[in-house]
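Down below is the structure, laid out as structure tokens.
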Amino acid sequence: MDQRKRNEKIAYGLLWTSGFLALAILIVILAYIFVGGIPVITWQFLTGWPAGWGHTGGGIYPTIIATIQITALSLLIAAPLSIGGAIYLTEYTKESLFRKIIRQGAEILAGIPSIILGLFGFLFFVIALKEYTGGWSILSGGLTLAFMILPISLRTSEEALKTVPLELREGGLGLGATKWQMIRTLVVPTALPGIITGIILGAGRAIGETAAILLTVGGAINIATSLQDPARPMTLNLYDVLTEYRDTTTAYGTAALLVIAILVITFVTDTLMNRYIRNLKGL
Amino acid sequence: MDKNIKISVKDLSLYFGAFQALKHITIDIPEREVTALIGPSGCGKSTFVKTLNRMNDLVDGVKVTGEVNYNGMNLLDKNTDVVALRKEIGMVFQKPNPFPKSIYDNIAYGPRVHGVHDKKRLDEIVERSLKHAALWEEVSDRLHESALRLSGGQQQRLCIARLLAVEPDVLLMDEPCSALDPIATSKIEDLIWELRRDYTIIIVTHNMQQAARVSQSTAFFLLGEMIEYSPTTDLFERPKDPRTEGYVTGKFG
Numbered sequence: 004m005d006q007r008k009r010n011e012k013i014a015y016g017l018l019w020t021s022g023f024l025a026l027a028i029l030i031v032i033l034a035y036i037f038v039g040g041i042p043v044i045t046w047q048f049l050t051g052w053p054a055g056w057g058h059t060g061g062g063i064y065p066t067i068i069a070t071i072q073i074t075a076l077s078l079l080i081a082a083p084l085s086i087g088g089a090i091y092l093t094e095y096t097k098e099s100l101f102r103k104i105i106r107q108g109a110e111i112l113a114g115i116p117s118i119i120l121g122l123f124g125f126l127f128f129v130i131a132l133k134e135y136t137g138g139w140s141i142l143s144g145g146l147t148l149a150f151m152i153l154p155i156s157l158r159t160s161e162e163a164l165k166t167v168p169l170e171l172r173e174g175g176l177g178l179g180a181t182k183w184q185m186i187r188t189l190v191v192p193t194a195l196p197g198i199i200t201g202i203i204l205g206a207g208r209a210i211g212e213t214a215a216i217l218l219t220v221g222g223a224i225n226i227a228t229s230l231q232d233p234a235r236p237m238t239l240n241l242y243d244v245l246t247e248y249r250d251t252t253t254a255y256g257t258a259a260l261l262v263i264a265i266l267v268i269t270f271v272t273d274t275l276m277n278r279y280i281r282n283l284k285g286l
Numbered sequence: 295m296d297k298n299i300k301i302s303v304k305d306l307s308l309y310f311g312a313f314q315a316l317k318h319i320t321i322d323i324p325e326r327e328v329t330a331l332i333g334p335s336g337c338g339k340s341t342f343v344k345t346l347n348r349m350n351d352l353v354d355g356v357k358v359t360g361e362v363n364y365n366g367m368n369l370l371d372k373n374t375d376v377v378a379l380r381k382e383i384g385m386v387f388q389k390p391n392p393f394p395k396s397i398y399d400n401i402a403y404g405p406r407v408h409g410v411h412d413k414k415r416l417d418e419i420v421e422r423s424l425k426h427a428a429l430w431e432e433v434s435d436r437l438h439e440s441a442l443r444l445s446g447g448q449q450q451r452l453c454i455a456r457l458l459a460v461e462p463d464v465l466l467m468d469e470p471c472s473a474l475d476p477i478a479t480s481k482i483e484d485l486i487w488e489l490r491r492d493y494t495i496i497i498v499t500h501n502m503q504q505a506a507r508v509s510q511s512t513a514f515f516l517l518g519e520m521i522e523y524s525p526t527t528d529l530f531e532r533p534k535d536p537r538t539e540g541y542v543t544g545k546f547g
């Protein structure tokens, strides 16, 4: 066989193998978790309480509630800030040093290891602002997580807004709309799929975060009834039961639940956004 | 002939940074007539028209001198309420730009941003505007479908209807037919001819036959200057300036 044909085959073979390996690793991880974890997910597991200090087993109900609370809280804080910030940056400022600094700042923030953000959260929210946050609490955790979500959703929101074509804005302004009206009624609705995807991406990060909440949320096994109460989300619980009790059963179950949650959120968001986009295009 | 002047432009110059795009333009636009602006690409006709409704404000680094007098005031003045101005002087762009909403919501957009929320009034306005733009018959049974499903020519008529819904005084049309096929183009030209009875229309076109068909007066622009401005037949049949003659006979452009 001639040299070029051989190279072609080798290249194809290598590329195929990398693709296959990437997929294979994902499948192996999912398989491990699902095989070990899905049988653990029973009704009692979902609605029962952990067996208590010194014992393994029991359910993970309070941890599920804690994860939902903290994720929701961090989204409630981060979403308006990132959408508002993105709108301000793209619509009200010109391309300038100021914008470049903010963008660079967001990138740096995105790159900070989560344990360091956790340290910041601990020193600032848990200790310094103890009066307002209640120290170890879901509020402290939510605020810290919001910092993690912010750079991602700020950047994706900005990109989404930038792709809205100029003609759309000209059309709105040309009819006598004020700038804010134009942004609110034309630009944001058109950019919404991109914005929401960015926020969901952020939410995914928040659900899976362990290091940052380790240092801010307290870890008490209870259901928080106020923002200043501590709690124990699923990721923290997984870490705990594994290191303190070697409770691989609960760990597998929790892990499987987390993965399923992320898969479902991703799938649902994708479907909803696709439908929204098709509606916009009139298809 | 004594005509009412709608817009009186005096010594208008415009700079994009250091580049002078418009050089001392002086022209009176008569009321309720169609005035065409012709000239080769890059001669400043679109820039001129965008100055009239302050759309050039959207571009960075633009400097404008001179006066544009409309309804007794200079609309270039810093204190002009640009939002209100754009309701009076509306613009149709080269490429139709319907909003990604229903046909109804496209037309109702203008009235809504100006505070009209009563459904009956909006229904009336939508019907009236679509009829005025010669589009009602074709879409009356599917007002709630997306405007993006219309053909190019229909979309452009939609954009015109959208403008008519805010009851402007002046319609600026920047090469409204250049993205359309000949049949759609002729429908729009008929529409323009109808509309001139109620509106002052300024149309930028690079199609000289179109200017000859729809306008009563024509201005010839070249390299940022307005070379000649006359009744349309005079400009085409008896051009005064040799440069005008060169352009209309096809020697350049």
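One line per chain: the protein sequences are A and B, in this order.
So for the first sequence, the numbering used here puts the first residue at 4; every next one is plus one.
So for the second sequence, the numbering used here puts the first residue at 295; every next one is plus one.
Quick reminder that beta carbons are idealized off the backbone N, C-alpha and C, glycines included.
All values reported here derive from a predicted model rather than from experimental measurement.
Task: Runs of alpha helix (DSSP H) lying entirely within the segment 338-382 of chain B, each at least 4 residues, in chain order - done: The qualifying runs are 339-346, 376-382.
- [ ] Given a cut-off of 8 Å, decide if B/L457 and B/L444 are closer than it, judged by their beta-carbon atoms.
- [x] Not a contact, by the Cβ cut-off of 8 Å.
- [ ] Determine, using beta carbons only, whether B/V377 comes closer than 8 Å to chain A.
- [x] It does; some Cβ of chain A falls within 8 Å.
Task: Contact set for B/N400: own chain, Cβ-Cβ below 7 Å, skip 5 residues either direction - done: Apart from sequence neighbours up to five positions away, the residues of its chain that approach B/N400 with a beta-carbon distance below 7 Å are P392, F393, A441, L452, R456, ordered along the chain.
- [ ] Answer with buried or exposed for A/E257, where buried requires no fewer than 16 other C-beta atoms within 10 angstroms of its C-beta.
- [x] The sequence as given places Thr at residue 257 of chain A; Glu does not occur at that position. Its Cβ being crowded by 16 or more others within 10 Å, A/T257 is buried.
TODO: Output, in sequence order along the chain, the residues in the segment 390-402 of chain B whose CB is closer than 7 Å to any CB in chain A.
DONE: Here the close residues are N391, F393, P394.
Open item on the list: By the three-class DSSP mapping on this structure, what secondary structure does B/D468 have?
Closed with: Here B/D468 sits in strand by DSSP.
Task: Contacts of A/Q107 in chain B (Cβ-Cβ under 7 Å) - done: Counting only Cβ-Cβ distances below 7 Å, A/Q107 has no contacts in chain B at all, with the closest Cβ about 22 Å away.
TODO: Apply the 10 Å Cβ neighbour rule to A/W139 and answer buried if 16 or more other Cβ atoms are within range, or exposed otherwise.
DONE: Classified as buried, A/W139 has 16 or more neighbouring CB atoms from the shown chains inside 10 Å of its CB.
- [ ] Have a look at the DSSP bridge pairing and note the partners of B/E519.
- [x] Answer is B/L516.
Task: is_contact[B/D463, chain A] using C-beta, thresh 8 Å - done: No, its Cβ sits nowhere closer than 8 Å to a Cβ of chain A.
Task: CB contact check: A/T136 to chain B, cutoff 8 Å - done: Chain B, which has no Cβ nearer than 8 Å to the Cβ of A/T136, makes this no.
Task: Strand pairing of B/V386, partner residues [DSSP] - done: As DSSP reads the structure, B/V386 sits in a beta bridge with B/M467.
Task: CA-to-CA distance, A/L49 to A/I67, given in whole angstroms - done: The straight-line gap from Cα to Cα measures roughly 8 Å.
TODO: Buried or exposed for B/R431, please, with buried defined as at least 16 other CB atoms from any protein chain shown within 10 angstroms of its CB.
DONE: It is Glu, not Arg, that sits at residue 431 of chain B in the sequence shown. Exposed, by the Cβ-count rule.
TODO: Answer yes or no: do B/A427 and B/I454 have a C-beta to C-beta separation smaller than 8 Å?
DONE: The answer is yes: Cβ separation under 8 Å.
TODO: Please confirm if A/L171 has its CB atom under 8 Å from at least one CB of chain B.
DONE: Closer than 8 Å: yes.
Task: A/A75 in three-state terms, based on DSSP - done: The three-state secondary structure of A/A75, taken from DSSP, is helix.
Task: Three-state secondary structure assigned by DSSP to A/I63 - done: Coil at A/I63, not helix or strand.
- [ ] Return the Cβ separation of B/V362 and B/L369 in integer angstroms, given the expectation that the two are a contact with Cβ distance under 8 Å.
- [x] B/V362 to B/L369, Cβ: 5 Å. Contact.
Open item on the list: Using DSSP's beta-bridge definition, name the partner residues of B/F548.
Closed with: In this structure chain B extends from 295 to 547, so residue 548 of chain B is not present and cannot be described.
Task: Identified DSSP bridge partners for B/S524 - done: Looking at the DSSP assignment, B/S524 forms a beta bridge with B/T512.
Task: Where B/K381 meets chain A, residues with beta-carbon distance less than 9 Å - done: What B/K381 touches in chain A: L178, G179.
Task: the segment 322-335 of chain B contacting the segment 487-501 of chain B, beta-carbon criterion three pairs below 8 Å - done: The segment 322-335 of chain B vs the segment 487-501 of chain B: in contact.
TODO: For A/Y15, count neighbouring C-beta atoms within 10 Å of its own C-beta (all shown protein chains included) and say buried if the count is 16 or more, exposed if not.
DONE: A/Y15 sits exposed, since fewer than 16 C-beta atoms from the chains shown fall within 10 Å of its C-beta.
Task: Assigned secondary structure, B/M295 (DSSP; H/G/I helix, E/B strand, else coil) - done: Confidence at B/M295 is low in this model, with a pLDDT of 48, below 50, so its placement is unreliable and no value can be given for it.
TODO: Report the neighbours of A/G174 on chain B: residues whose CB is nearer than 7 Å to its CB, in chain order.
DONE: The contacting residues are N391, F393.
Open item on the list: Between which residues of its own chain and B/S509 is the CB-CB distance below 7 Å, once the five residues before and five after are set aside?
Closed with: Excluding sequence positions up to five before and after B/S509, its CB lies within less than 7 Å of the CB of V328, T329, A330, I497, T526, all in the same chain and listed in chain order.
TODO: Report the residue ranges of all alpha helix (DSSP H) runs contained in full by the segment 76-132 of chain A; include only those spanning at least 4 residues, in chain order.
DONE: With a minimum length of 4 residues, the continuous alpha helix (DSSP H) runs that stay inside the segment 76-132 of chain A are 100-114, 117-124.
Task: Cβ neighbours of A/T96 in the same chain (closer than 8 Å, five flanking residues each side left out) - done: Hits under 8 Å: R102.
Open item on the list: Taking 8 Å as the threshold (beta carbon to beta carbon), is B/R456 in contact with chain A?
Closed with: Closer than 8 Å: yes.
Task: Segments of 4+ residues assigned as alpha helix (DSSP H) that fall wholly inside the segment 179-207 of chain A - done: Counting whole runs of 4 or more residues, the segment 179-207 of chain A contains the alpha helix (DSSP H) stretches 182-185.
- [ ] To the nearest angstrom, report how far apart A/W183 and B/P536 are at their CA atoms.
- [x] Each residue's Cα considered, the two are about 49 Å apart.
Task: Sheet register partners of B/T494 (DSSP bridge) - done: According to DSSP, residue pairing for B/T494 in a beta bridge involves B/V464.
Open item on the list: DSSP three-state label for B/I321, please.
Closed with: For B/I321, the three-state secondary structure derived from DSSP is strand.
- [ ] Would you mind reading off the limits of the alpha helix (DSSP H) that contains A/L169?
- [x] From DSSP, the alpha helix (DSSP H) with A/L169 extends over 169-177.
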